[in-house]
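For reference, the structure is listed below as structure tokens.
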Amino acid sequence: MAKTDLNLIVIFDAIMAEQSVTAAADRLSMTQPSVSNAVARMRHYWKDPLFVKHGRGVRPTPFAEKLWEQVSSPLAEIKQAITPGNFVPLYAKRQFRIALTDGMTGMLWLPLRKYIEEHAPEVSIHAVPYKANGEELLLNADVDLVLDFYPGSSPLIHSEWVLDNNFVCLMRPDHELAKQPLTLGRFIDQDHLFVSLTGDAKGIVDSELEKNGVERRIAMTVNSFSGAVEIVRGSNLITVLPYPVVANAVLRGDVIVKKVPLTIPPAPISMAWHTRNNRDVGLTWLRGILGVLITEFRTTFGEAVQ
193 MAKTDLNLIV
203 IFDAIMAEQS
213 VTAAADRLSM
223 TQPSVSNAVA
233 RMRHYWKDPL
243 FVKHGRGVRP
253 TPFAEKLWEQ
263 VSSPLAEIKQ
273 AITPGNFVPL
283 YAKRQFRIAL
293 TDGMTGMLWL
303 PLRKYIEEHA
313 PEVSIHAVPY
323 KANGEELLLN
333 ADVDLVLDFY
343 PGSSPLIHSE
353 WVLDNNFVCL
363 MRPDHELAKQ
373 PLTLGRFIDQ
383 DHLFVSLTGD
393 AKGIVDSELE
403 KNGVERRIAM
413 TVNSFSGAVE
423 IVRGSNLITV
433 LPYPVVANAV
443 LRGDVIVKKV
453 PLTIPPAPIS
463 MAWHTRNNRD
473 VGLTWLRGIL
483 GVLITEFRTT
493 FGEAVQ
């Protein structure tokens, strides 16, 4: 392949990773017109539009996505081979994009920021909204890492369990049920708040209730975990949430938790990343730090109410 073609592949890889011609130019230390000219040459060589405008960035065509599947891993291996061990946290200037829910950001973002301020001050961490679409985000290189419940099955994605999200029933400290055993009857007699990230008004709790021949009244839904805690704290609603999401609020005394009078399987939390990044030393470093912080969280707060 001609030298020009190899240069185009490098530029193509940067645009795919950044989903932006401007960001790719910054990443490659090139001018935006130079990258735009390169895109024009790519379109000529490969007989495909490759990228279409999408908001402030671009989105790849199906041909571009297929091409990137073929070239991204070999390029990553070449980069690693010629610049091994080039990530030094104290001096690294790197941006990481992590897909996760606000529940996980509430759990990890502050301790992660404290660690970065001391050990990697030029590293930036950007949270990307997560709605159980981790496989799509990783395959499209919209994120570097998914840190949440990951139900995907693509052989191109590697996932690693880090935490079990055990569910608890949450209420304000002076709720009428606060000093009573939480029976199934008392549970279904209450008005419930339901956190729905997708817009659905039923979840795993409702499925388990149906198995017992009963149902609850969902009086309100909300699309964030932090919002749910505040609503429960100031109302008579109760809700079922993963314990790690509410542990800090319980520690502060804002809310209390009780064991759910149902058998609800925990939701496994994983770190997931594309296999093209298996040898990315920066991402390996970040995964290691997150693993340590999660272990510290589990040690401090435990798994769930018993």
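Residue 345 in our numbering sits at position 153 of the sequence shown; the count goes up by one each step and never skips.
Glycine included, every Cβ here is placed at the ideal spot set by N, Cα and C.
Boundaries of the alpha helix (DSSP H) harbouring Thr-297: 294-311, taken from the DSSP string.
Secondary structure of His-236 (DSSP, three-state): helix.
Residue burial annotation: Leu-443 is exposed, with fewer than 16 other C-beta atoms found within 10 angstroms of its C-beta.
Leaving aside the five residues that flank Ser-462 on each side, the residues in its chain whose CB is nearer than 7 angstroms to its CB run, in chain order, Tyr-342, Ser-351, Glu-352, Trp-353 and Val-354.
Distance check between Ile-481 and each of Gly-445, Gly-377 and Leu-339 places Leu-339 closest, using alpha-carbon atoms only. Annotation for Ile-423: the continuous alpha helix (DSSP H) segment containing it runs 417-425. Distance check between Ile-270 and each of Asn-470, Leu-389 and Val-437 places Asn-470 closest, using alpha-carbon atoms only. Look at Ser-462 here: in three-state DSSP terms it is strand. Within the stretch 343-421, the runs of alpha helix (DSSP H) that reach at least 4 residues and sit entirely inside it are, in chain order, 376-381 and 396-403. The DSSP-derived three-state label of Gln-262 is helix. Ranked by how close their Cα comes to the Cα of Ile-290, the residues Ser-212, Leu-330 and Leu-454 have Leu-330 in first place. Counting the other CB atoms within 10 Å of its CB gives Arg-248 a total below 16, which places it among the exposed residues.
Remark: C-beta atoms of Ala-333 and Ala-439 do not approach each other more closely than 8 angstroms.
In this structure, the straight-line span from the alpha carbon of Leu-429 to that of Glu-310 is close to 41 angstroms. Counting C-beta atoms within 10 angstroms of its own C-beta, Gly-445 has fewer than 16 neighbours from the protein chains shown and is therefore classed as exposed. Taking a cut-off of 8 angstroms for Cβ pairs, the stretch 241-256 and the stretch 211-224 touch, as three or more such pairs fall below it. In this structure, DSSP gives Ser-212 a state outside helix and strand, which the three-state scheme calls coil.
Within its own chain, the residues whose Cβ lies closer than 7 angstroms to the Cβ of Glu-327, once the five positions on either side in sequence are excluded, are Gly-344, Ser-346 and Ile-349, listed in chain order. Under the criterion of beta carbons closer than 8 angstroms, Arg-468 and Ser-264 qualify as touching, at roughly 5 angstroms.
If you look at Arg-479, you'll find it in the alpha helix (DSSP H) that goes 473-493. Beta-bridge partners assigned by DSSP to Lys-323: none are found. In this structure, Val-447 lies near Arg-364, with their beta-carbon atoms less than 8 angstroms apart. About 21 angstroms separates the beta carbons of Leu-401 and Phe-417, which is beyond the 8 angstroms limit, so they are not a contact pair. Non-local C-beta neighbours of Phe-279 in its own chain, meaning closer than 7 angstroms and more than five positions away in sequence, comprise Val-473, Gly-474 and Trp-477, ordered along the chain.
Under the 10 Å beta carbon count, Ile-486 is surrounded by 16 or more other beta carbons and is classified as buried.
Between Leu-362 and Val-449 a beta carbon distance of about 6 angstroms is seen, short of the 8 angstroms cut, so the two are scored as contacting. In the DSSP assignment, Leu-433 falls outside any alpha helix (DSSP H) and within the unbroken beta strand (DSSP E) covering 430-434. Looking at Ile-201, Pro-453 and Asp-218, the one whose alpha-carbon comes closest to that of Glu-261 is Ile-201.
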